[in-house]
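First residue of the sequence shown: 2, per this note's numbering; consecutive thereafter. Note that beta-carbon positions come from the ideal geometry of N, C-alpha and C, so glycine has one too.
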Amino acid sequence: QTVGTKLTLAGVLMYDVAESVLEERLLERGKTSGRSDDNIESIKKRFVTFKSESMPVIEYYRHQGLVSTFHGAKSVDEVWYETKAAIDAAEVKLSAA
């Protein structure tokens with residue numbers, strides 16, 4: 002079902018984390034997730050796909066000043082605090098438009 006014909010993008014949230022940290026997290030998750038793709042080969046393929054397919058989209062929106070980047074290796078509470086602040090700021094900007 003189509004709800005409308007226009008979308009205003011408030012922003013893009015980008016969590017920057019070293020691949021080695023992501024790899025470690027995903028392999029750890031794989032121990033209990035039951036996901037068959039939480040293995041080193043699939044994880045490396047996902048990194049390649051992200052770089053080739055998602056990063057051009059991120060860069061497109063970064064050029065428009067819409068990307069908020071966060072250091073995702075911080076504590077969950079720190080990342081959430083920074084994320085919430087970015088969302089709140091985007092909402093204020095949208096309501097003023």
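Check                                                                                                              : Outcome
Nearest residue (CA-CA) to Leu73, options Ala97, Ser96, Leu28, Glu83                                               : Contrary to the premise, residue 73 reads as Gly rather than Leu in this sequence. Selected option, being the one with the closest Cα: Glu83.
Ranges of the beta strand (DSSP E) found wholly within the region 13–90, counting only runs of at least 3          : 13–17, 68–72
Nonlocal neighbours in the same chain, by C-beta distance under 8 Å from Ala98, ignoring five residues either side : Thr9
Inter-residue Cα distance where the pair is Phe71 and Val4                                                         : 32 Å
Under the three-state DSSP convention, the category Lys7 falls into                                                : coil
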